[in-house]
Amino acid sequence: MTVTTATRAPLDVEPLYIGPLKVDVPVVLAPMAGVTNPPFRTLCRRFGAGLYVSEMVSARALVEGSEKTWQLAEFGADERPRSIQLFVTDPNSVGEAVRMLIDRRDVDHIDMNFGCPVRKVTRNGAGSALPWKRKLFQTIVRSAVSAADDMTAGRVPVTIKMRIGIDDQHHTHLEAGRIAQAEGVAAIALHARTTSQWYSGRADWDEIARLKEAVTGVPILGNGDIWWGEDAVRMMWETGCDGVVVGRGCLGKPWLFRELVDAFEGRPARTAPPWGEVAEVMTEHADLLVEWVGEERAMKQFRRHTSWYCTGYPVGREIRRLLATVPTRADLAEIVATPDPTVLPAAGSESAIRGHSQGPQKAKLPEGWLDQRDDLVHVEDDGRAVSGG
Ligand SMILES: Cc1cc2nc3c(=O)[nH]c(=O)nc-3n(C[C@H](O)[C@H](O)[C@H](O)COP(=O)(O)O)c2cc1C
Numbered sequence: 003m004t005v006t007t008a009t010r011a012p013l014d015v016e017p018l019y020i021g022p023l024k025v026d027v028p029v030v031l032a033p034m035a036g037v038t039n040p041p042f043r044t045l046c047r048r049f050g051a052g053l054y055v056s057e058m059v060s061a062r063a064l065v066e067g068s069e070k071t072w073q074l075a076e077f078g079a080d081e082r083p084r085s086i087q088l089f090v091t092d093p094n095s096v097g098e099a100v101r102m103l104i105d106r107r108d109v110d111h112i113d114m115n116f117g118c119p120v121r122k123v124t125r126n127g128a129g130s131a132l133p134w135k136r137k138l139f140q141t142i143v144r145s146a147v148s149a150a151d152d153m154t155a156g157r158v159p160v161t162i163k164m165r166i167g168i169d170d171q172h173h174t175h176l177e178a179g180r181i182a183q184a185e186g187v188a189a190i191a192l193h194a195r196t197t198s199q200w201y202s203g204r205a206d207w208d209e210i211a212r213l214k215e216a217v218t219g220v221p222i223l224g225n226g227d228i229w230w231g232e233d234a235v236r237m238m239w240e241t242g243c244d245g246v247v248v249g250r251g252c253l254g255k256p257w258l259f260r261e262l263v264d265a266f267e268g269r270p271a272r273t274a275p276p277w278g279e280v281a282e283v284m285t286e287h288a289d290l291l292v293e294w295v296g297e298e299r300a301m302k303q304f305r306r307h308t309s310w311y312c313t314g315y316p317v318g319r320e321i322r323r324l325l326a327t328v329p330t331r332a333d334l335a336e337i338v339a340t341p342d343p344t345v346l347p348a349a350g351s352e353s354a355i356r357g358h359s360q361g362p363q364k365a366k367l368p369e370g371w372l373d374q375r376d377d378l379v380h381v382e383d384d385g386r387a388v389s390g391g
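Using the working numbering, the first residue of the sequence shown is number 3, and each one after it goes up by one.
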């Protein structure tokens, strides 16, 4: 790839420590349900450095022995560190789920999801609705941290990922951050939107700065709207956060992890790859999926990535349509070979929104949820309704 534009001076970037885990470049792949499976993590890892978190798995479903959930909690043969996100709603299953993940999957890091805005989840008081109930939140975090500590004496750090709060009138992040720190989490990630914002508007990075000021004893990771390398450096400059969590920016663009390393090390930004290179990455991604789940399931899963890979590239409607229904690996190779391999994406498309953009919409909460903050009322949600955070 050709080097063109200059980037800003390197930050004096320190490695990120999440408990005993040293992350050389302070970048974390955001957990994304239906996306960050082992093949996708392998692909992203090949381009860059950082920590790559699994899809979310439900604590309760793990404890109940759901085969499907245990499959989601699998790792690539040489994948280290093994990082997984737990969806937790009740204090009863969390400790057991943590113990099982350490015992059966030998995980190196457990993150907990307190950021999901999906209505089926928040109406049960789970996901991003949960930190409002501060005692319940504290109990859950405590159970997870003590289960991990008891088994591994601190080898497996527990972290949390949350939003700013439920809406502008009900912020929870500063208090939840202080509670989580006191309970011994190893890092706190903030997606700088409220539940009711969903994915709309812009992430409010000022709230990352506020959290960083309020919670000083553990690394704070900023999340929201990092579309290319420069955004990550800017987020760290502007908020003082210790690392970044990158989600939608790498959809159809796993080479973002190389851009992030370049940006943090002060190297000039590269031009976006020509279509021919994108085509190679697409086939590599499909091959990894085929190896993981077999061709039929792989192609089904891969189809959801195709429009992201095409973002900005003038490949035409017909190619997009064919890719969206591509039945086999051989067909994929044929389709991606059709457009001119030298074409570049339209200017500015590197920061085009990929993945979710919906919202705002009023948060759906259990009846009376906001009236009481210190009860331990919870619904035992098995997390099957969840499709994202
Ligand atoms: C398809 C998709 C699935 C997601 N699934 C999860 C999830 O399982 N757990 C979670 O904490 N966040 C989830 N998220 C939210 C992201 O981790 C991230 O917080 C959000 O996309 C904002 O970051 P970004 O602007 O870099 O995308 C999901 C987002 C997307 C687009």
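For each residue, glycine too, the CB sits at the ideal point set by N, CA and C. For clarity, every value in this text was computed on a predicted model and none was experimentally measured.
At a cut-off of 8 Å, the beta-carbon of Q199 does not count as near ligand 1: no heavy atom of the ligand is closer than that. Within the DSSP bridge table, the entry for G167 names H173 and T196 as partners. Straight across, the Cα-Cα distance linking A128 with T44 is about 30 Å. At a cut-off of 3 residues, the continuous stretches assigned as beta strand (DSSP E) that sit fully inside the stretch 218-278 are 222-225 and 245-248. When the beta-carbon positions are compared, Q87 and V55 come within less than 9 Å of each other. Distance from the CA atom of G278 to the CA atom of D342, rounded to whole angstroms, is 7 Å. Distances from the CA of N115 to each of T197, H172 and P83 were compared; the closest alpha carbon is that of T197. For the pair of segments examined, the stretch 303-311 was found to touch the stretch 245-257: the number of CB pairs separated by less than 8 Å reaches three.
Burial of G117 is indicated by the presence of at least 16 other C-beta atoms within 10 angstroms of its C-beta. Restricting attention to alpha helix (DSSP H) runs no shorter than 4 residues, the stretch 310-376 encloses them at 319-326 and 331-338, ordered along the chain.
The closest heavy atom of ligand 1 lies less than 8 Å from the beta carbon of I228. The alpha carbon of D233 has as its nearest neighbour, out of V220, G249, T330 and S202, the alpha carbon of G249. In the DSSP assignment, M58 falls within the unbroken beta strand (DSSP E) covering L53 to S60. Taken atom to atom, the span from the alpha-carbon of A155 to that of P93 is near 21 Å.
Taking the C-beta atoms as reference points, K135 is found nearer than 9 Å to D377. Judged by beta-carbon spacing, C46 lies within the 9 Å limit of F259, meaning their Cβ atoms are closer than that value.
By the Cβ-count criterion, P221 is buried, with 16 or more other Cβ atoms from all chains shown falling within 10 Å of its own Cβ. Around K137, the same chain offers R375, D376, D377 and L378 as residues with beta carbons nearer than 8 Å, after the five sequence neighbours per side are excluded. Straight-line spacing of the CA atoms in D26 and P270 works out to 20 Å. Under the three-state reduction of DSSP output, L45 falls in the helix class.
Distances between the C-beta of V123 and the heavy atoms of ligand 1 are all 8 Å or more. Burial state of D264 is buried, judged by a 10 Å Cβ sphere holding 16 or more other Cβ atoms.
A contact is defined here as three or more CB-CB pairs under 8 Å, and the stretch 177-194 meets this definition with respect to the stretch 222-229. Inside the stretch 94-180, DSSP marks whole alpha helix (DSSP H) runs of 4 or more residues at positions 121-124 and 136-154, from first to last along the chain. If you check the C-beta of L213 against ligand 1, you find no heavy atom less than 8 Å away.
According to DSSP, residue pairing for V30 in a beta bridge involves L53 and V247. Secondary structure at A182: helix, using DSSP grouped into helix, strand and coil. With a cutoff of 8 Å, F139 does not count as near ligand 1, since its C-beta is closer than that to no heavy atom of the ligand. A184 counts as exposed, since fewer than 16 other beta carbons sit within 10 angstroms of its beta carbon.
Per DSSP, L18 is not a residue of any alpha helix (DSSP H); the beta strand (DSSP E) it occupies stretches across L18 to I20. Judged by their CB atoms, P368 and N126 are nearer to each other than the 9 Å cut-off.
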